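Numbering (the working numbering), first residue to last: 1 to 167.
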């Protein structure tokens, strides 16, 4: 999962594949990233005032629960195609969706049944620029996006309760 204007580092794929090779129970690998700025002249510069985003709140013991509290799991994310087919991929099928958060929904689903592997080194460069989707979002859109993720969290809790009752 990549945004079209962001960039993978040259060794990203090798590092992701190495994590999958560690454990066949891993259903998704999530990396860490740096934030870069693209100026009007087309020049890229690393935003040194922002540390590498690692999402340290994701732990082996409690990561899937922390995911219910935060709005994302990290980037980039890698999921085997067969798992996506098994879980399905809904876009605009859920209330509030509007093509927002479908990847978050997928992370919630996969984390319920599979281990999540992590790459703690920065393997991704998030590029900020005017006109980007994370730049100058109006409050109505923020509220709608939060409602979408709240709905996804509620559905995830229901699925988890069902899974627990089967144990």
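Using N, Cα and C, we set each Cβ at its ideal position, and we do this for glycine too. It should be emphasised that the depicted structure is a prediction, and the values quoted were computed from it without experimental measurement.
Three CB pairs or more closer than 8 angstroms across the region 141-157 and the region 28-37: Judged by pairs of C-beta atoms under 8 angstroms, the region 141-157 does not touch the region 28-37, as fewer than three such pairs exist.
Proximity winner among 70, 54, 37, relative to residue 46 (alpha-carbon distances): With distances taken between CA atoms, residue 46 lies nearest to 37 out of 70, 54, 37.
Nearest to residue 83 (by Cα), restricted to the options 114, 56, 63: Residue 114 holds the alpha-carbon nearest to the alpha-carbon of residue 83 among 114, 56, 63.
Own chain partners of residue 9 with C-beta closer than 8 angstroms, once the 5 adjacent residues on each side are dropped: Only 122, 123, 124, 125 meet the Cβ criterion.
Where residue 160 falls: helix, strand or coil (DSSP): Three-state DSSP puts residue 160 in a helix.
contact_flag[the region 101-121, the region 69-89] where n(CB pairs < 8 angstroms) is 3 or more: In short, these stretches touch, since the Cβ pair count reaches three.
Residues that residue 41 bridges to, as DSSP identifies them: Per DSSP, none; premise fails for residue 41.
Alpha helix (DSSP H) segment containing residue 81, residue limits: For residue 81, the uninterrupted alpha helix (DSSP H) segment begins and ends at 81-87.
In DSSP terms, what residue 28 is bridged to: Residue pairing for residue 28: DSSP places it in a beta bridge opposite 116.
Sub-8 angstroms separation of residue 144 and residue 58 beta-carbons: Contact flag unset, no.
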